[in-house]
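*Asks:* Just dropping this structure here.
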Amino acid sequence: LVIEGVFNPETAEAMACREGLSLASDLMLQKIRVASDSANVIRSLHRTRMGHYVLGHYGHIVKEIRARKANFKELYLFMNGEAQI
Numbered sequence: 001l002v003i004e005g006v007f008n009p010e011t012a013e014a015m016a017c018r019e020g021l022s023l024a025s026d027l028m029l030q031k032i033r034v035a036s037d038s039a040n041v042i043r044s045l046h047r048t049r050m051g052h053y054v055l056g057h058y059g060h061i062v063k064e065i066r067a068r069k070a071n072f073k074e075l076y077l078f079m080n081g082e083a084q085i
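And the structure:
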């Protein structure tokens, strides 16, 4: 995934998660696992109260991901801790 013009790593990571969900939806997958190396992004996706999961630059992406979660039978979001350098 190439994302131009995004300089905040957490925003880029949230966008990558969103794109992963889009791909899974296009492939009509119902049970998926999404791994991220950003603890803040994963934490924001797991928060349940509106004011606590919407964060700064990528809050709108978090809202979109949370809305898309309903399209899947099973969605597991987790942190893998392996940054790709």
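Numbering follows UniProt numbering, in which position 24 of the sequence shown is assigned residue number 24; successive positions increment by one, without gaps. Note that beta-carbon positions come from the ideal geometry of N, C-alpha and C, so glycine has one too.
(1) Given a threshold of 16 other Cβ atoms within 10 Å of its Cβ, counted over all protein chains shown, does Ala14 qualify as buried or as exposed?
(2) According to DSSP, is Val34 helix, strand or coil?
(3) Assuming Ile42 contacts Phe72 under a Cβ cut-off of 8 Å, what Cβ separation, rounded to an integer in Å, is found between them?
(4) Please state whether the Cβ-Cβ distance between Leu21 and Val34 is less than 8 Å.
(5) Between which residues of its own chain and Glu19 is the CB-CB distance below 7 Å, once the five residues before and five after are set aside?
(6) Tell me which same chain residues have a C-beta within less than 6 Å of the C-beta of Ala39, skipping the five on either side of it?
(7) Hey, how far is the Cα of Asp37 from the Cα of Ala16?
*Replies:* Reading it off the structure:
(1) The residue labelled residue 14 in the question sits at position 14 within the sequence shown. Per the 10 Å Cβ criterion, buried.
(2) Here the question's residue 34 lines up with position 34 in the sequence shown. Three-state DSSP puts Val34 in a strand.
(3) Indexing the sequence shown from 1 puts residue 42 at position 42. Indexing the sequence shown from 1 puts residue 72 at position 72. Their Cβ separation, rounded to whole angstroms, is 16 Å, which puts Ile42 and Phe72 out of contact at 8 Å.
(4) Taking the sequence shown and counting its residues from 1, one reaches residue 21 at position 21. Taking the sequence shown and counting its residues from 1, one reaches residue 34 at position 34. Closer than 8 Å, so yes.
(5) Position 19 of the sequence shown, counted from the start, is the residue given in the question as residue 19. Closer than 7 Å at Cβ, skipping near neighbours: Leu1.
(6) As a working mapping, residue 39 is identified with position 39 in the sequence shown. Counting only Cβ-Cβ distances below 6 Å, and skipping sequence neighbours, we find Met79.
(7) Numbered from 1 along the sequence shown, position 37 holds the residue referred to as residue 37. Numbered from 1 along the sequence shown, position 16 holds the residue referred to as residue 16. Roughly 11 Å separates the two Cα atoms.
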